[in-house]
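Colleague: Mind having a look at this structure? Questions to follow.
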Ligand SMILES: [Zn+2]
Ligand SMILES: [Zn+2]
Ligand SMILES: [Zn+2]
Ligand SMILES: [Zn+2]
């Protein structure tokens, strides 16, 4: 096993300067969604590039061109970097993003969102602290601690840090595809630190994400909105038909009612089932995050499976109907229902679409309505599942055990991180999600924070991971 | 029968000055819904009062106090007037309103909305032309024509013209109740001209209106909106429950599914049924007004019955769900469905409410959801049906036949005109709805108009009605 004490000691000694690095980064309001903040996003990219260069990395700022649909704006560059070029070492490609969600003090922040503010429990508040500046700087901290301790980095490190993640990662997919056999050519494995522990105490490794197919159903009839007094009872009402069709999609217990959908789902094996009881999670955790006791399932195992490895169907809303407070006696002429299906192995999007379209059209036909129904896919994103037994994961697991004294939970996520699949498909290498922050970090909300422990021990974890992954037997 | 030729001739001679009177009225943008237009509403009231006084009427401008919820605004006065005070004559109370709907050229008007513009087909375009300034001025025209022709008005005329009709008739109900035994004490019958012919050629008398009970159903669960990736499948979703409950209310063919509702509906008698075949209306008229062929029923009789004498249930929309264009993967925490039931004899509001509440709660209970449902009545307004055989109606029918050479259709309306019921209940007298405008007048829309024929012959009709109602045998 690697000897990590000198590295760990150096991290502890540098912890104040690492926090200072995070303070400087949080102070740059690199909000990708706001046009007027675009110069700050560039400034944040420059900050990262300068820090990496000062540490001795080879850095390139790669332009992505104009922003589609906002051609007056230049997309922020992808900051790619290489640290080490030893053919005898493995090469690890790490990803993170340096842009952040919008934040205004008046949204309800207790502190200035772009001033890192540390309370007496070591909670470091600030926009981007946990999403994703802390994890990105973690990699820089690892390099610095090795240098200062006179230690060699056990791998060649490739960095890919983007500046548009919070606004759809504009341009990134094409970039990764193009560089897979160029700048990223010698990557042996990929590591992404941009998600969160399931709870607050126990680290986890994440090996799966659900996909998402998002649909619209429109029902139209009259040429314009009608008055319900004048026409109620004499015309087919689009809203009646839409509500009836939507009610056939999913029941109150979360069961998808579209025939054939569940047949596409990979059966649960005994082996997979056995992963769930050990996971550090409870029904209280669910109720806390819901703010209510309206969970569907009785056990944590079934709850986590429902979130991670089974599909779900949510109805998001209706466009075109009366949606304001108060009362309006309108018969809307055209209404569009929106719903999405979270997908899991082995649901292929074309199969899902066919089942959805056929079923909805058949249900509508049963109504004998003279209205017109249309249903279409707005967008889809595929699920992702990696093998948690890959050497990339077993190395990370050993690193967690070394740093935190506990084996990590092997988790999946219900949502999607599309870049994960892009890296896997473009490089053909295993991708590991190795989170730094905890479930209470409030990414995307007010009072986002990163605990000092998660940042400093997290930096140790990233370094330890590089040591273990450098020597882990390649089983796959 | 009354000798009306001198009156009719005088109306024809004065027609240009009557149109000029309408031009002056349309030029005053008396929009009751816009705070900044309130001085114009007062100006319009003053115009009416001055014109009535110039004709020799006794006029009072009755203040209604501050506008509830907008205490910086004074409500426009009710203009009440008396013309004639002969105990030997019958007294007829007429109602109209001098405020109008908002209108902006840029909404799509082909002409300036507050400039009366007459095209070569005699269509007089302008906001308020048909709703309701034309009919209101019709009564003034009747007085003037009688005076100029040296004819005596055959009845005492009481006027009640309000300035807040398009904004909920604030304050009017209390005023009518209070004046029923004072200013309106000697009224023998009431006539309201504020609705429209069923088509464009044949006049009608209207003897019924549906009521409206407007309901909200809320379903709530989590403490805040959730991300469907994270929580989809593990929590009861309020939107799923609401859509399911809404789908149980009415089917695509317009059948109300709430048990017991149809049992409250007055059975169709053979006599009532026999009124429908003769009514001048066709399925083409329905399709034209819908702008589509999405009518439910095959015949005009069944269509008109569905609109006039059977209840209907319309779902208007959902508050709290995602209602914008595009895609958002939200699970809304609380959603409020809005629907209303158009009511008919003999549906009493408390009975309807009980059936609605009990049914919705029972349907929700079947779902075994941990979410919370609430259902309540937002507001209700009662249906109204008068006897079309009352002497008030038979007099009006004779007047129509005299002026237009055709017997009027006896119609009802699917919507409500709440002041009708108020007058009936407060005075205890028969109320007649005697429309002046036609179905194509586009009240409340862009390019509102009143045909010259409807205005001039309509003025003759109002005058003829006063003559017939003065001598019609009192059968009830
Ligand atoms: Zn992120
Ligand atoms: Zn984020
Ligand atoms: Zn009106
Ligand atoms: Zn109106």
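Residue numbers (this note's numbering), protein chains in the order written: chain E, 17 to 492; chain X, 17 to 492.
Idealized CB from N, CA, C, for every residue including glycine.
1. Which partner residues does residue 280 (chain X) have in the DSSP bridge list?
2. According to DSSP, residue 251 (chain E) sits in a beta bridge with which residue or residues?
3. Determine the DSSP secondary structure at residue 355 (chain X), reduced to helix, strand or coil.
4. Closest to residue 342 (chain E) by CA distance: which of X:340, X:343 and X:352 is it?
5. Checking 9 Å against the spacing of the C-beta atoms, do residue 23 (chain E) and residue 44 (chain E) come in under that value?
6. May I ask which residues mark the beginning and end of the beta strand (DSSP E) holding residue 324 (chain E)?
7. DSSP state of residue 165 (chain X), grouped into three classes?
8. Using a Cβ-Cβ cutoff of less than 6 Å, which residues in the same chain neighbour residue 391 (chain E) once the five nearest sequence positions on both sides are dropped?
9. Residue 220 (chain X) CB to nearest chain E CB: under 9 Å?
10. Anything in the segment 252-268 of chain E with a Cβ closer than 7 Å to a Cβ of chain X? List those residues in chain order, please.
11. Taking 8 Å as the limit between beta carbons, can you name the residues of its chain near residue 245 (chain E), skipping five residues before and five after?
12. Run through the segment 405-429 of chain X for me and flag every whole alpha helix (DSSP H) of 4 or more residues, listed as ranges in chain order.
13. Is there at least one Cβ from chain E nearer than 9 Å to residue 391 (chain X)'s Cβ?
14. Find the residues of chain X that neighbour residue 306 (chain E), judging by a C-beta separation of less than 8 Å, and give them in chain order.
15. Taking only beta-carbon atoms, is residue 449 (chain X) less than 9 Å away from chain E?
16. How would you list, in chain order, the residues of chain E whose beta-carbon sits under 7 Å from the beta-carbon of residue 487 (chain X)?
17. Can you name the residues of chain X whose CB is closer than 7 Å to the CB of residue 338 (chain E)?
18. Give the residues of chain E in contact with residue 387 (chain X), contact being defined as C-beta atoms less than 7 Å apart.
19. Chain E beta carbons: is any one of them nearer than 9 Å to that of residue 326 (chain X)?
20. For chain X, find out if any of its Cβ atoms is closer than 9 Å to the Cβ of residue 226 (chain E); answer yes or no.
21. To the nearest angstrom, how far is the alpha carbon of residue 152 (chain X) from that of residue 134 (chain X)?
22. With distances taken from each beta carbon to the nearest heavy atom of ligand 1, which residues come in below 6 Å, in chain order?
23. Using a Cβ-Cβ cut-off of less than 8 Å, give me the residues of the segment 357-377 of chain X that come near chain E, in sequence order.
24. Please state the DSSP three-state secondary structure of residue 350 (chain X).
25. Does any heavy atom of ligand 2 sit closer than 8 Å to the C-beta of residue 459 (chain E)?
26. Quick check: the Cα distance between residue 162 (chain X) and residue 199 (chain X), rounded to an integer number of angstroms?
27. Should residue 413 (chain X) be flagged as near chain E, meaning a C-beta pair shorter than 9 Å?
28. Are the C-beta of residue 384 (chain X) and some C-beta of chain E separated by less than 9 Å?
29. Taking Cβ-Cβ distances below 9 Å as the criterion, which residues of the segment 126-145 of chain X are in contact with chain E?
30. Roughly how many angstroms separate the alpha carbons of residue 438 (chain E) and residue 189 (chain E), rounded to a whole number?
31. I want to verify the contact list: residues of chain E whose CB lies under 8 Å from the CB of residue 323 (chain X), in sequence order.
32. Going by alpha carbons, who is nearest to residue 42 (chain X) out of X:451, X:17 and X:127?
33. Is residue 481 (chain E) helix, strand or coil when you go by DSSP?
34. Quick one: Cα of residue 85 (chain X) to Cα of residue 51 (chain X), how far?
35. Against residue 230 (chain X), what residues of chain E qualify as contacts under a CB-to-CB distance less than 8 Å, listed in chain order?
36. Tell me, please, whether the segment 218-233 of chain E touches the segment 393-410 of chain E by the rule of three or more beta-carbon pairs shorter than 8 Å.
Modeller: This is what the structure holds:
1. The sequence position of residue 280 (chain X) within the second chain is 264, counting from 1. Residue 280 (chain X) pairs with nothing; no bridge assigned.
2. For the purposes of this step, residue 251 (chain E) is identified with residue 235 of the first chain, where counting begins at 1. Residue 251 (chain E) is bridged to X:311.
3. One-based indexing of the second chain puts residue 355 (chain X) at position 339. DSSP places residue 355 (chain X) in strand when its eight states are reduced to three.
4. Numbered from 1 along the first chain, position 326 holds the residue referred to as residue 342 (chain E). Nearest C-alpha to residue 342 (chain E): X:352.
5. Here residue 23 (chain E) corresponds to residue number 7 of the first chain, with the count starting at 1. Here residue 44 (chain E) corresponds to residue number 28 of the first chain, with the count starting at 1. No, Cβ-Cβ distance for residue 23 (chain E) and residue 44 (chain E) is not below 9 Å.
6. Taking the first residue of the first chain as position 1, residue 324 (chain E) is located at position 308. It is not in any beta strand (DSSP E) - residue 324 (chain E) instead sits in the alpha helix (DSSP H) that spans 316-324.
7. As a working mapping, residue 165 (chain X) is identified with position 149 in the second chain. If DSSP states are grouped into helix, strand and coil, residue 165 (chain X) belongs with the helices.
8. For the purposes of this step, residue 391 (chain E) is identified with residue 375 of the first chain, where counting begins at 1. Cβ within range, chain order: 233, 373 and 376.
9. Residue numbering aside, residue 220 (chain X) sits at position 204 when the second chain is read from its first letter. Judged by the 9 Å Cβ criterion, residue 220 (chain X) is not in contact with chain E.
10. 252, 253, 255, 256, 257, 259, 260, 262, 263, 266 and 268
11. Stepping through the first chain from its first residue, residue 245 (chain E) is reached at position 229. So the qualifying residues of the chain are 345.
12. 407-420
13. Counting from one through the second chain, the residue named residue 391 (chain X) turns up at place 375. No, residue 391 (chain X) lies away from the interface with chain E (no Cβ there is under 9 Å from its Cβ).
14. Along the first chain, read from residue 1 onward, the residue named residue 306 (chain E) stands at position 290. Under the 8 Å cutoff, chain X gives 237, 238, 239, 242, 247 and 251.
15. Within the second chain, the letter at position 433 stands for residue 449 (chain X). No, no contact with chain E.
16. Position 471 of the second chain, counting from 1, holds the residue named residue 487 (chain X). Within chain E, no residue comes near residue 487 (chain X); the closest Cβ sits about 36 Å away, beyond 7 Å.
17. In the first chain, residue 338 (chain E) corresponds to position 322, counting from 1. In chain order: 332, 333 and 354.
18. Position 371 of the second chain, counted from the first residue, corresponds to residue 387 (chain X). Per Cβ cutoff of 7 Å: 310.
19. Within the second chain, residue 326 (chain X) is the residue found at index 310, counting from 1. So yes, residue 326 (chain X) belongs to the interface.
20. To locate residue 226 (chain E), count along the first chain from 1; it is residue 210. Yes, its Cβ sits closer than 9 Å to a Cβ of chain X.
21. Residue mapping note: residue 152 (chain X) aligns to position 136 of the second chain, counting from 1. Residue mapping note: residue 134 (chain X) aligns to position 118 of the second chain, counting from 1. Those two C-alpha atoms are separated by around 19 Å.
22. E:113, E:147, E:148, E:181 and E:210
23. 358
24. As a position in the second chain, residue 350 (chain X) is number 334, starting the count at 1. Residue 350 (chain X) falls in the strand class under three-state DSSP.
25. Taking the first chain and counting its residues from 1, one reaches residue 459 (chain E) at position 443. Checking the Cβ of residue 459 (chain E) against ligand 2 gives yes.
26. By 1-based counting over the second chain, the position of residue 162 (chain X) is 146. By 1-based counting over the second chain, the position of residue 199 (chain X) is 183. Rounded to the nearest angstrom, the two C-alpha atoms are 24 Å apart.
27. Stepping through the second chain from its first residue, residue 413 (chain X) is reached at position 397. No, no contact with chain E.
28. Taking the second chain and counting its residues from 1, the one referred to as residue 384 (chain X) is at position 368. Taking Cβ atoms only, chain E reaches closer than 9 Å to residue 384 (chain X), which makes this a yes.
29. none
30. In the first chain, residue 438 (chain E) corresponds to position 422, counting from 1. In the first chain, residue 189 (chain E) corresponds to position 173, counting from 1. Straight-line Cα distance between these residues: approximately 6 Å.
31. Residue 323 (chain X) sits at position 307 when you count from the first residue of the second chain. By Cβ distance, chain E contributes 246, 247, 248, 249 and 250.
32. Position 26 of the second chain, counted from the first residue, corresponds to residue 42 (chain X). Nearest option by C-alpha distance: X:127.
33. As a first step, residue 481 (chain E) must be located in the first chain, where it is residue number 465. Helix, per DSSP.
34. For the purposes of this step, residue 85 (chain X) is taken as residue 69 along the second chain, with counting starting at 1. For the purposes of this step, residue 51 (chain X) is taken as residue 35 along the second chain, with counting starting at 1. Cα to Cα, the separation comes out at about 12 Å.
35. Here residue 230 (chain X) refers to the residue found at position 214 when the second chain is read from its first residue. By Cβ distance, chain E contributes 343 and 345.
36. yes
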